[in-house]
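Under the working numbering, the first residue of the sequence shown is numbered 7, with each subsequent residue one higher.
Before any comments, here is the structure.
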Amino acid sequence: MSSTSPAKSRTTELSLKDGPLLLTNDDTKSILDIPSYVDALEIAYRQLGEGVAQNMPRQRLFVPLNEPDTHHWFNLHAGLVPGMKSGALRVNSGKVKFVTQFGTRRMEFPGALVGLVHVFDLATGSLRGIIHDFYINPIRVACTSALGAKYMARSDCRVMGLLGTGWQARWHLTAMTSVRKFQRINIYSPNPEHRTRFVKQQQERTPAVEFVAVDSGEKAVRDADVVVAATNAIEPVMKGEWVKPGAHVVSISGGDRLDQRKEIDEETVTRSSLVVVNSKVQVELDEQHDILPAIKSGQVSMDQILELSQIVGKAASRRRAPQDITFHFNNTGMGIQFAAIGARMIDAAEAQGIGTRLPYTWRGRSV
7 MSSTSPAKSR
17 TTELSLKDGP
27 LLLTNDDTKS
37 ILDIPSYVDA
47 LEIAYRQLGE
57 GVAQNMPRQR
67 LFVPLNEPDT
77 HHWFNLHAGL
87 VPGMKSGALR
97 VNSGKVKFVT
107 QFGTRRMEFP
117 GALVGLVHVF
127 DLATGSLRGI
137 IHDFYINPIR
147 VACTSALGAK
157 YMARSDCRVM
167 GLLGTGWQAR
177 WHLTAMTSVR
187 KFQRINIYSP
197 NPEHRTRFVK
207 QQQERTPAVE
217 FVAVDSGEKA
227 VRDADVVVAA
237 TNAIEPVMKG
247 EWVKPGAHVV
257 SISGGDRLDQ
267 RKEIDEETVT
277 RSSLVVVNSK
287 VQVELDEQHD
297 ILPAIKSGQV
307 SMDQILELSQ
317 IVGKAASRRR
327 APQDITFHFN
337 NTGMGIQFAA
347 IGARMIDAAE
357 AQGIGTRLPY
367 TWRGRSV
């Protein structure tokens, strides 16, 4: 018996010290740091522009289920960010259903939606951790929008128009206010109860900012210096004619061949002097209707459109004149987002002793 005890003790020691860290949704909720995550994304996009970071286009698979307008949805992202010494593989799976509410067709995820982000150490090849993605997913979208605003929105902007009151809208509010200081934020949702409750909650959290519930998308957009469309709508929720000169517009719809979403109309694109997307490849791969019609009609050429990685850290590619309208089509999730934010989350969790170490034997070994 005594001869086996040291081996068992050694296994336990290695399991606690060297195993990958599991971060549940409850774990990640306690280590949220929006400015740190925007900073991590800035490293990732700068390195992507330099050809150092690597990203695989988003891949999605769908199969129809035995319910009307319902499919099984499988989503995959992968990317490497040497500056963060991090790589990530994000996988999620769920049921997607298309419904009509308040006169608008939108996408919902009834039942379980399983999402896992696997974060790897580039120096050793080892699995650093697995993160449940309930928080990291909307945060990486919102922080990417905030990074775009940092480089594209005017520094003197004071009014934001926010279309949407769901999780994405909530995190966009937090992320955008980390890079720009607003005096008033106009909130619109087609559901009056949702927008009233949302405004009340935000006003209690941030009394120094005025939050206003408005009863139309136009009222939210008309006098806004920054406009954020963060909805799950299939059809446009805003018109380009509402956008004032000098405004910065963000849309996060990022649809695909099945989910042909379109949050903004064609005029929003054609009125913009600077159009930036996360990935030009994804626009064509997924036939994204927010921007592709303007390209096919010849009103905007693909050569005129820049990628976010081309403007991060490069002053020459930013807004050209104070009256220019800029548009960031936050059109796709990217593996580099998960690699960068995932590394920061694990660093914070390890420093604070948060999370659960998985068995050491999960690690691969040389043969």
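Beta carbons: idealized from backbone N, C-alpha and C, even for Gly.
Quiz prompt | Contacting residues, own chain, Cβ-Cβ under 6 Å from Q209 (five flanking each side not counted) | solution = As a first step, residue 209 must be located in the sequence shown, where it is residue number 203. Answer for Q209: F217, listed in chain order.
Practice problem: Just tell me which of G170, Q53, N61 and D265 has its CA closest to the CA of L95. | Solution: Here the question's residue 95 lines up with position 89 in the sequence shown. Nearest C-alpha to L95: N61.
Quiz item: Do you know how far the Cα of K35 is from the Cα of I136?
Solution: Counting from one through the sequence shown, the residue named residue 136 turns up at place 130. Counting from one through the sequence shown, the residue named residue 35 turns up at place 29. Taking the straight line joining both Cα atoms gives about 15 Å.
Quiz item: Thinking C-beta only, is H83 closer than 7 Å to R64?
Solution: Counted from its first residue, the sequence shown places residue 64 at position 58. Counted from its first residue, the sequence shown places residue 83 at position 77. Result yes, Cβ atoms of R64 and H83 sit closer than 7 Å.
Quiz item: What three-state label does DSSP hand D127 in the structure shown?
Solution: Position 121 of the sequence shown, counting from 1, holds the residue named residue 127. Taken through DSSP and simplified to helix, strand or coil, D127 comes out as strand.
Quiz item: What is the DSSP secondary structure of K103, reduced to helix, strand or coil?
Solution: Translated into positions along the sequence shown, residue 103 becomes position 97. The DSSP-derived three-state label of K103 is strand.
Quiz item: Per the contact definition of three or more C-beta pairs closer than 8 Å, is the region 158-176 in contact with the region 226-234?
Solution: With a cut-off of 8 Å, the region 158-176 and the region 226-234 count as touching, because enough Cβ pairs lie within range.
Practice problem: Output the distance between the C-alpha atoms of Q310 and W248, rounded to the nearest integer angstrom. | Solution: Against the sequence shown, residue 310 aligns to sequence position 304. Against the sequence shown, residue 248 aligns to sequence position 242. Inter-residue distance for Q310 and W248 is about 23 Å (C-alpha atoms, whole angstroms).
Quiz item: Which first and last residues belong to the beta strand (DSSP E) in which T332 is found?
Solution: By 1-based counting over the sequence shown, the position of residue 332 is 326. Residues T332 to F335.
Quiz prompt | Beta-bridge pairing of P26 - partner residues as DSSP gives them | solution = Position 20 of the sequence shown, counted from the start, is the residue given in the question as residue 26. P26 pairs with nothing; no bridge assigned.
Practice problem: Could you give the DSSP three-state label for I142: helix, strand or coil? | Solution: Indexing the sequence shown from 1 puts residue 142 at position 136. Of the three classes helix, strand and coil, the one that applies to I142 here is helix, per DSSP.
Quiz item: Once you ignore the five residues that flank S42 on each side, which residues in its own chain have a CB closer than 6 Å to its CB?
Solution: Walking along the sequence shown from the start, residue 42 turns up at place 36. R350, listed in sequence order.
Quiz item: What is the DSSP secondary structure of E273, reduced to helix, strand or coil?
Solution: Residue numbering aside, residue 273 sits at position 267 when the sequence shown is read from its first letter. In the three-state reduction of the DSSP assignment, E273 falls in the helix class, which pools H, G and I.
Quiz item: On the three-pair Cβ rule with 8 Å, is the region 170-183 touching the region 141-158?
Solution: By the C-beta criterion, the region 170-183 is judged to be in contact with the region 141-158, since at least 3 inter-stretch pairs fall below 8 Å.
Self-check item: Three-state class that DSSP yields for H178 in the structure shown
Solution: Position 172 of the sequence shown, counted from the start, is the residue given in the question as residue 178. Of the three classes helix, strand and coil, the one that applies to H178 here is helix, per DSSP.
Quiz prompt | Three-way DSSP call (helix, strand, coil) for V306 in this model | solution = The residue labelled residue 306 in the question sits at position 300 within the sequence shown. Three-state DSSP puts V306 in coil, outside helix and strand.
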